[in-house]
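K.L.:
I'd like to ask some things about the structure below.
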Amino acid sequence: MPPGLPHYELLREFRHDPDHHDLWHYAVQLDDNYVPKLAESSPPPLQPLDLAALFGSTDALEIEICTGKGRFLAEYAALHPDRPLLGVEWTRPVAWYAAQRLAKVKVPHHAHILWGDAQFLLRDRMPAACCKAFHIYFPDPWPKHRQRRVLQPDLLKQMRRLALDGCVFHWGTDHSEYNQDAMQLLGGTEGFRLLDPAAGPTEGIRTSFETKYIQEGRDIFRSIWAVEPG
Ligand SMILES: C[S@@+](CC[C@H](N)C(=O)[O-])C[C@H]1O[C@@H](n2cnc3c(N)ncnc32)[C@H](O)[C@@H]1O
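So this is what it looks like as structure tokens:
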């Protein structure tokens, strides 16, 4: 904690990766000595992203959180090249791999990868009422540290803030305990309504982890939820 401050927030920025057209970075700003910069106010005065400028489209956005190496997003972008799609992945080499995969999609598309933490991005930089679908597939289950899981009440709150009318949430995991907890959390959260308790892979696309888990003979749990704007 910096001396003299009861609370503080770090300054964050959103910038294009100069080496890759499809990759953006959402990160804490550092000074010349690589020390994180403090925001002058807390929370910092962050502006919502200009999605039309970023995606070259004013259509409603779809966000995939925990994109991994981007297999789902690349195949989905090929099926829906007109849709603005954002994949969020916080491990840099993995995000880089996903961006390279997107670059190989043969049709021109409107998909980008963001390297950064989904929780902060949704909370700090996404405008309200911009999103028509969320996708989270096979996130890390953290069986001993559940507080590290990506699916948390705060994330659901942000999903509702971003949701447009008719917004849906596609969920998938191989981890039965995480799935049980997710069903309970979603089912008990105002604004989330179960549409399909036994969904198949979205538009037939299996993710990389899902393919691996199926080969290992594990069960797969997928569901689709309506997200009411709120
Ligand atoms: C088990 S992998 C699954 C990847 C992909 N969805 C699939 O099914 O093949 C989970 C990924 O989520 C990423 N991740 C975890 N928490 C995250 C967060 N808060 N924001 C962005 N990415 C996150 C991890 O780095 C990891 O690559």
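Residue numbers 66 to 295, in my numbering, belong to the letters of the sequence shown in order. Backbone N, C-alpha and C define an ideal beta-carbon position, used for all residues, glycine too.
Please confirm whether residue 138 and residue 176 have their CB atoms less than 7 Å apart.
P.N.:
In the sequence shown, residue 138 corresponds to position 73, counting from 1. In the sequence shown, residue 176 corresponds to position 111, counting from 1. Their beta carbons are under 7 Å apart, which means residue 138 touches residue 176 by this criterion.
K.L.:
Look at the alpha carbon of residue 236 and the alpha carbon of residue 204, and state the distance between them as a whole number of angstroms.
P.N.:
As a working mapping, residue 236 is identified with position 171 in the sequence shown. As a working mapping, residue 204 is identified with position 139 in the sequence shown. Approximately 9 Å between the Cα atoms of the pair.
K.L.:
Could you tell me whether any non-hydrogen atom of ligand 1 is closer than 6 Å to the CB of residue 69?
P.N.:
Locating residue 69 in the sequence shown gives position 4, where the first residue counts as 1. Residue 69 Cβ: outside cutoff for every heavy atom of ligand 1.
K.L.:
Going along the chain, which residues of its own chain have a beta-carbon closer than 7 Å to the beta-carbon of residue 219, five neighbours each way excluded?
P.N.:
As a position in the sequence shown, residue 219 is number 154, starting the count at 1. For residue 219, where only same-chain residues beyond five positions count, the Cβ hits under 7 Å are 184.
K.L.:
On the DSSP bridge assignment, give the partners of residue 278 in chain order.
P.N.:
Within the sequence shown, residue 278 is the residue found at index 213, counting from 1. Answer is none; residue 278 lacks a bridge partner.
K.L.:
Does the count of Cβ pairs from the segment 192-208 and the segment 238-246 closer than 8 Å reach three?
P.N.:
yes
K.L.:
How is residue 42 classed by DSSP in three states: helix, strand or coil?
P.N.:
The structure shown has nothing for residue 42, since the chain only spans 66 to 295.
K.L.:
Which residue comes first and which comes last in the beta strand (DSSP E) that contains residue 176?
P.N.:
Residue numbering aside, residue 176 sits at position 111 when the sequence shown is read from its first letter. From DSSP, the beta strand (DSSP E) with residue 176 extends over 175-180.
K.L.:
Run the proximity test for residue 195: is its beta-carbon closer than 6 Å to any non-hydrogen atom belonging to ligand 1?
P.N.:
Your numbering for residue 195 matches position 130 in the sequence shown. No, the beta carbon of residue 195 sits no closer than 6 Å to any heavy atom of ligand 1.
K.L.:
For residue 93, which residues in the same chain have their Cβ closer than 6 Å to its Cβ, ignoring the five residues on either side in sequence?
P.N.:
As a position in the sequence shown, residue 93 is number 28, starting the count at 1. The answer, listed in chain order, is 75, 77 and 101.
K.L.:
Between residue 197 and residue 148, what straight-line distance do the alpha-carbon atoms span, to the nearest angstrom?
P.N.:
As a working mapping, residue 197 is identified with position 132 in the sequence shown. As a working mapping, residue 148 is identified with position 83 in the sequence shown. Roughly 10 Å between the two C-alpha positions.
K.L.:
Provide the residue span of the alpha helix (DSSP H) that contains residue 231, from first to last.
P.N.:
Position 166 of the sequence shown, counted from the start, is the residue given in the question as residue 231. No alpha helix (DSSP H) holds residue 231; the beta strand (DSSP E) holding it covers 228-238.
K.L.:
Using 8 Å for Cβ pairs, my map puts residue 259 next to residue 252. What's the rounded Cβ distance?
P.N.:
Sequence index remark: in the sequence shown, residue 259 carries index 194 (1-based). Sequence index remark: in the sequence shown, residue 252 carries index 187 (1-based). Their Cβ separation, rounded to whole angstroms, is 7 Å, which keeps residue 259 and residue 252 in contact under 8 Å.
K.L.:
Report all residues from its chain with a CB closer than 6 Å to the CB of residue 276; omit the five preceding and five following residues, and keep chain order.
P.N.:
For the purposes of this step, residue 276 is taken as the residue at position 211 of the sequence shown. Excluding sequence neighbours, residue 276 sits near nothing in its chain.
K.L.:
Just curious, the alpha helix (DSSP H) that residue 246 is in, first and last residue?
P.N.:
Against the sequence shown, residue 246 aligns to sequence position 181. Note, residue 246: alpha helix (DSSP H), 241-252.
K.L.:
Under three-state DSSP, which class holds residue 149?
P.N.:
For the purposes of this step, residue 149 is taken as the residue at position 84 of the sequence shown. Three-state DSSP puts residue 149 in a strand.
K.L.:
With a threshold of 6 Å, establish whether the CB of residue 154 neighbours any heavy atom of ligand 1.
P.N.:
For this step, residue 154 is matched to residue 89 along the sequence shown. Within the cutoff, so yes.
K.L.:
Check each candidate in 90, 249, 128 and 123 and name the one with the smallest Cα separation from residue 225.
P.N.:
Position 160 of the sequence shown, counted from the start, is the residue given in the question as residue 225. Among 90, 249, 128 and 123, the Cα nearest to that of residue 225 is on 128.
K.L.:
Please find out if some non-hydrogen atom of ligand 1 comes closer than 6 Å to the beta-carbon of residue 286.
P.N.:
If you number the sequence shown from 1, residue 286 lands on position 221. Checking every heavy atom of ligand 1 against the Cβ of residue 286, none is found closer than 6 Å.
K.L.:
If we call anything under 7 Å between Cβ atoms a contact, is residue 116 one with residue 232?
P.N.:
Sequence index remark: in the sequence shown, residue 116 carries index 51 (1-based). Sequence index remark: in the sequence shown, residue 232 carries index 167 (1-based). Cβ atoms of residue 116 and residue 232: not closer than 7 Å.
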